[in-house]
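Under this note's numbering, the first residue of the sequence shown carries the number 45, and numbering increases by one thereafter. Don't be surprised by glycine CBs; every beta carbon is placed ideally from N, CA and C.
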Amino acid sequence: MDLERQFWNASPEELKRGYGTYPEQGGHRCLVCGEFAEFGRVFPIGEHWYDAEAYMKRHIAAAHKSMFEYLLSLDKKWTGLTDVQREVLQLFYEGRSDADTAKTLGSKPATVRYHRFHLREKEKQAKVFLALMALLDERPKANADAGDSEQEEFVPIHRTATTIDERYAMTAEENAKVLKTYFPYGLEGPLKEFPSKEKRKIAVLRHLMTRFERNRVYSEKEVNAVLKDAFSDYVTLRRYMIEYGFMDRKDDGSEYWAKGEAMHG
Numbered sequence: 045m046d047l048e049r050q051f052w053n054a055s056p057e058e059l060k061r062g063y064g065t066y067p068e069q070g071g072h073r074c075l076v077c078g079e080f081a082e083f084g085r086v087f088p089i090g091e092h093w094y095d096a097e098a099y100m101k102r103h104i105a106a107a108h109k110s111m112f113e114y115l116l117s118l119d120k121k122w123t124g125l126t127d128v129q130r131e132v133l134q135l136f137y138e139g140r141s142d143a144d145t146a147k148t149l150g151s152k153p154a155t156v157r158y159h160r161f162h163l164r165e166k167e168k169q170a171k172v173f174l175a176l177m178a179l180l181d182e183r184p185k186a187n188a189d190a191g192d193s194e195q196e197e198f199v200p201i202h203r204t205a206t207t208i209d210e211r212y213a214m215t216a217e218e219n220a221k222v223l224k225t226y227f228p229y230g231l232e233g234p235l236k237e238f239p240s241k242e243k244r245k246i247a248v249l250r251h252l253m254t255r256f257e258r259n260r261v262y263s264e265k266e267v268n269a270v271l272k273d274a275f276s277d278y279v280t281l282r283r284y285m286i287e288y289g290f291m292d293r294k295d296d297g298s299e300y301w302a303k304g305e306a307m308h309g
């Protein structure tokens, strides 16, 4: 299971702690960057050694500061928060009082109290929605004899997508058909052509991203080399990688990385 799928399939408790536990994989995996800690091993940090779970907790703190700040940094299309609500939550997390928060925001304490009230209402709505979706997921099992068929699974959307719309509504079956069409010599082979339809472009780009290593910084020449193996017009591929939020780069083009995953200075 890829990292995006693990992230979106994680429970609220797993998102809160920042890692999932996967017995079938034999360890814990960071939901942010994919760092893996195998069961039964110990890991050194400084002069101390830690078991897999203790190591993962320290990895989250060292590499990502806190899951609160990581989740809060996600685009508003994922958090559902306005810029003001995001700032209010950050100040609350820092332990600021309503009066101090109001002073920082340049507003009145009554306004901050309203934000606090509204955020608690959103929390209630989120709980009800999660319960509804959980019950919806359980329904086919409870009514298996009613002839319900399993709904098709959608391909996970990468967390750094620049725009979320109908282009991303692609099932695993649709995705497989697109890749078979545009990679006729196999998924590791060359791209026959770059599709004109946006939905297919996303499927192709998402697959090409699997050819890049996680948590690695690439030079432009290295990115070009990977993409040139797939398609002669590697410049177009590189441009769309950036445009759709799969990759990011420094302003001078000296360094590229898988957006949201590479650790760089």
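Straight across, the Cα-Cα distance linking Asp-296 with Val-279 is about 16 Å. In the displayed model, Ile-89 falls within a strand according to three-state DSSP. A direct Cα-to-Cα measurement between Trp-93 and Pro-239 gives close to 50 Å. Contact between Phe-198 and Thr-225 is absent: CB atoms are separated by about 19 Å, not below the 8 Å threshold. Ala-274 is classed as buried because its beta carbon has at least 16 other beta carbons within 10 Å across all chains shown. Contact check for Leu-231 against Leu-252 fails: the beta carbons are separated by 8 Å or more. CA-to-CA, the gap between Arg-157 and Lys-121 works out to about 24 Å. Sequence-distant Cβ neighbours of Leu-118 in its own chain, meaning closer than 7 Å and more than five residues away, are Arg-203. Looking at the DSSP output, Tyr-300 bridges to Tyr-262 and Arg-293.
Inter-residue distance for Arg-61 and Thr-207 is about 27 Å (C-alpha atoms, whole angstroms). If you draw a straight line from the Cα of Phe-161 to the Cα of Gln-129, it comes to about 11 Å. Assignment of Arg-102 by DSSP, reduced to helix, strand and coil, places it in the helix class. For Arg-49, the secondary structure class from DSSP, reduced to helix, strand or coil, is helix. For Asp-142, same chain residues with a beta-carbon under 8 Å away, outside a window of 5 residues either side, are Pro-153, Val-156, Arg-157 and Arg-160 in chain order. If the five residues before and after Trp-52 are omitted, its C-beta is found closer than 6 Å to the C-beta atoms of Pro-200, all from its own chain and listed in chain order. Restricting attention to Met-111, Glu-138 and Phe-87, the CA atom closest to the CA of Glu-58 is found in Met-111. Relative to the Cα of Glu-210, the nearest Cα in the group Ala-220, Ala-247 and Leu-116 belongs to Ala-247.
Around the beta-carbon of Gln-169, fewer than 16 other beta-carbon atoms lie within 10 Å, marking it exposed. Rounded to the nearest angstrom, the gap between the Cα atoms of Val-222 and Asp-95 is 43 Å. Closest option to Lys-109, judged by alpha-carbon separation, among Tyr-284, Cys-77 and Phe-83: Cys-77. Using a Cβ distance threshold of 8 Å, Gly-90 and Phe-80 do not count as a contacting pair. Membership of Phe-112 in the alpha helix (DSSP H) is indicated by the continuous run 111–117. For the pair Ala-302 and Phe-256, the CB atoms are nearer than the 8 Å cut-off. Gly-124 is classed as exposed because its beta carbon has fewer than 16 other beta carbons within 10 Å across all chains shown.
Counting other Cβ atoms within 10 Å of its Cβ, Phe-290 reaches 16 or more and is therefore classed as buried. When Leu-174, Leu-249 and Met-285 are compared, the shortest CA-CA separation from Ala-54 is found for Leu-174.
For Glu-58, the enclosing alpha helix (DSSP H) begins and ends at 56–61.
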